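**Student:** The listed protein sequences correspond, in order, to chains A and B.
Position 64 of the first sequence, counting from 1, maps to 64 under my numbering, and the rest follow consecutively.
Plus 1000 on top of the position in the second sequence (first one is 1) and you've got my numbering.
Ideal Cβ placement from N, Cα and C applies to all residues, glycine included.
Computed from a predicted structure; not experimentally measured.
If you scroll down you'll find the structure; I have some questions about it.
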Amino acid sequence: MRRSYRTGAPRAAVEADLFGTSAAMRSVAPATPGSTPETAIPVASITETARAVIEGSFSPLWVRGEVSDFKRHRNGHWYFCLRDASAQVRCVVWSRSQRGIPTSPDDGMEVTAYGQLTVYAARGEMHLNVTAMDAVGDGLWRKAMEETRLRLDREGLLATARKRKLPYAPTRVGMVTSPDGAALRDVISVIRRRAPHVSLVVSAATVQGVNAPAEIVAAIQRICRFGEIDVLIVGRGGGSREDLWAFNDEAVARAIADASVPVISGVGHEIDVTIADLVADHRAATPSAAAEAAVPLRSDLLSGLRDLSDELSSSLSDLAMRARTRLENGATSLKRAASIDAERRRAVIGATAGQLNALSPLATLARGYAVARTVGDRRTLSSIRDFNAGDLFSLTVRDGEILAHVTESA
Amino acid sequence: MSYEKRVARLQEIVADLEGDGVPLDDALKLFEEGIEILRLASDELTTAEGRVQLLIERVEGVFETRQIDD
């Protein structure tokens, strides 16, 4: 993006361009334009000529100075002066040129601005038409990143509480990166080594240049719509600050925050940290490290399964043992309950028998009484009127029955 | 069922069997379910071959995946 440029002296033939003739010929030729009041040239013509001369004399170049009078116009263009102790030059950054500049400079900032020196006819002013700029010590990049960080932080998107836990055993990992990049190869090799059962789904995006942010956002949203992944790696291999700039883009940060699955950032770092790192659920310093964080070692999973298998077996045998103990305890108490019951019944029977005994007429007979009854229908004969001379009747005593005659009635 | 869901179900079964609330008949059924889940989970780890695929969205919501040779 930055071109090296060596400033040269303005070309020697400027005069000839402006007047269309050499100074030596002026005395003999007819009056050259602008040499007399009669041949005065219009203003537009001189500014146009000045513009052509200046643009023809200076290729685009880097200029160093301090920013002053910075203004952001309603139409989106930026205007400011670059100055040093003894001079100043007006600068403009058209809105379409601002894409390549991290953010606007502040007054007082020491910057280098790259652009074409030209003349703005409407004002008759020379100015530098700026297309790239940075503050000394990457100041503009840092300022832009800090502005984005603050905005995201104010919305709570960087809060630790928002970070989602990574799945411990994903079977499908998603990745947003360039399909031709080293990052993808690194991630594939880590997954093959650690967890060969895990599949990788790649959602392709250009990861550097002006289109990178929009492509990365689209790729994140696409793979989230697809849905069949457990965790997502967003990353690329290392590069310069400009190369990695897409990962400081606010729209990329928001897409990461909105992702439907936990996101691991894996941007190869030559610089300290990106906005994507701050907003991701897990931050890894390289794509390989992101893959290591995403998938566990298969051997660990297998040993976990073996433990669970042991627990399952012992839980069933413990349960069977407890059931048996309960059954035995149950049998003992059942027996005890049964014997208590039987005794109680015997006691009840004894008592009832005593009562029955007391009520029985047999007991009365035992005391010496007798019962007289007719022989046929065994009616009890309890009055002298029941007896007629010559009747046969039965007499029951304690130990048996005898037949008797009435010899004389009353 | 995902691997993690399988393992979670397995842990639930072990916890149920370790408790006292399960009748013996149900316990045996749970145990059999546990054995089956173990088998599936272990198959998933040992026999599944991870693939690398490129995601393509034909139109919004219509996806296709294409194998990437690596």
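(1) Listing by chain order, which chain B residues have their CB less than 7 Å from the CB of S315(A)?
(2) Once the 5 residues before and after E215(A) are set aside, which same chain residues still bring their CB inside 6 Å of it?
(3) Using the C-alpha atoms, what's the distance from L319(A) back to D1075(B)?
(4) Just tell me which of V63(A), A144(A), H405(A), R74(A) has its CA closest to the CA of T112(A).
(5) Distance cutoff 8 Å, beta carbons only. Does A204(A) sit that close to anything in chain B?
(6) Under 8 Å between beta-carbons, which chain B residues line up against L297(A)? List them in chain order, please.
(7) Which residue comes first and which comes last in the beta strand (DSSP E) that contains A404(A)?
(8) Looking only at C-alpha atoms, which of H197(A), E146(A), F247(A), L82(A) sits nearest to V173(A)?
(9) Once you ignore the five residues that flank Y1003(B) on each side, which residues in its own chain have a CB closer than 7 Å to its CB?
(10) Would the segment 241 to 261 of chain A and the segment 117 to 129 of chain A be scored as touching if the rule is three or more Cβ pairs under 8 Å?
(11) So, for R83(A): in the same chain, excluding its five sequence neighbours on each side, which residues have a beta-carbon less than 7 Å away from its beta-carbon?
(12) Which of the three DSSP states is assigned to L278(A) in this structure?
(13) I'd like the list of long-range same chain contacts for Q1053(B), defined as Cβ closer than 7 Å, with 5 residues on each side in sequence excluded.
(14) Spatial neighbours of A183(A) within its chain, please: CB distance less than 6 Å, with the 5 preceding and 5 following residues excluded, ordered by chain position.
(15) Only counting the same chain, and skipping five residues up and downstream in sequence, which positions put a Cβ closer than 7 Å to that of I46(A)?
(16) Within 8 Å (strictly less), CB to CB, does E215(A) reach chain B?
(17) Taking the alpha-carbon positions, what's the A253(A) to G156(A) distance?
(18) If you draw a straight line from the C-alpha of A144(A) to the C-alpha of C81(A), how long is it?
(19) Does DSSP put T325(A) in a helix, a strand or coil?
(20) Whole-angstrom Cβ separation of L158(A) and L166(A), contact assumed at under 8 Å?
**Tutor:** On the basis of the supplied data:
(1) Residues of chain B passing the Cβ test: V1014, L1017, E1018.
(2) Same-chain partners within the cutoff: A205, T206.
(3) Here chain B comprises residues numbered 1001 to 1070, so residue 1075(B) is not present and cannot be evaluated.
(4) The residue with the shortest Cα to Cα distance from T112(A) is V63(A).
(5) Yes, its Cβ sits closer than 8 Å to a Cβ of chain B.
(6) None at all; the shortest Cβ gap to chain B is about 11 Å.
(7) Here the beta strand (DSSP E) through A404(A) covers 400 to 405.
(8) The residue among H197(A), E146(A), F247(A), L82(A) with its C-alpha nearest the C-alpha of V173(A) is H197(A).
(9) Cβ neighbours of Y1003(B) beyond the five flanking positions: A1041, E1044.
(10) With the cut-off at 8 Å, the segment 241 to 261 of chain A and the segment 117 to 129 of chain A do not touch.
(11) Correct list, in chain order: G65, E66, S68.
(12) If DSSP states are grouped into helix, strand and coil, L278(A) belongs with the helices.
(13) T1065, R1066, Q1067, I1068.
(14) T177, G235, R236, G237, P287.
(15) Close CB contacts of I46(A) within its chain, under the 7 Å cut and outside five residues either way in sequence, are absent.
(16) Chain B places no beta carbon closer than 8 Å to that of E215(A), leaving this residue out of the contacts.
(17) Our two residues, A253(A) and G156(A), have alpha carbons roughly 12 Å apart in a direct line.
(18) A144(A) and C81(A): Cα-Cα distance of roughly 21 Å.
(19) Here T325(A) sits in helix by DSSP.
(20) Their Cβ separation, rounded to whole angstroms, is 18 Å, which puts L158(A) and L166(A) out of contact at 8 Å.
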